[in-house]
Amino acid sequence: FGVSTVAVDRLIKRYAEQVGITTDVSAHWLRHAHASHAIDNGANLVDVRDTLGHSSIATTNKYLHGKRKNSSSLKLGL
């Protein structure tokens with residue numbers, strides 16, 4: 016692609032600031048966000064794994080940050 020990770024991160028931070036996102040963002044942060052939002056919206060875990068280029072579901076699971084409203088504990092009445 017010819018663009019360094021540092022350059023991409025700078026662009027992401029600049030555009031995030033322009034739209035009022037104050038979270039410390041990066042390309043890696045976007046990957047985590049993509050995975051979490053995909054799963055929250057019903058995507059198949061295998062499809063998310065493949066999209067991220069992971070060879071293991073265990074790696075993909077580390078990227079998932081589910082919302083409290085989707086917590087499995089709610090299904091158990093905890």
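Last residue of the sequence shown: 93 in this note's numbering, with the numbers rising by one and none dropped.
For every residue, glycine included, the Cβ atom is placed at its ideal position computed from N, Cα and C.
In this text, all values refer to a predicted model and were calculated from it rather than measured experimentally.
Under a three-way DSSP split, which group does His47 fall into?
-> helix
How is Ser88 classed by DSSP in three states: helix, strand or coil?
-> Any reading at Ser88 must be qualified, since the residue scores a pLDDT of 46, below 50, and its modelled position is unreliable; the value itself is stated next. It is helical.
Since I believe Ser41 is in contact with Leu79 (beta carbons under 8 Å), could you give me their beta-carbon distance rounded to a whole number of angstroms?
-> Actually they do not touch by this definition, with Cβ atoms about 18 Å apart.
C-beta atoms of Val63 and Thr75 nearer than 8 Å = yes
CA-to-CA distance, His47 to Val61, given in whole angstroms = 15 Å
Less than 8 Å separating the beta-carbons of Leu45 and Ile27?
-> yes
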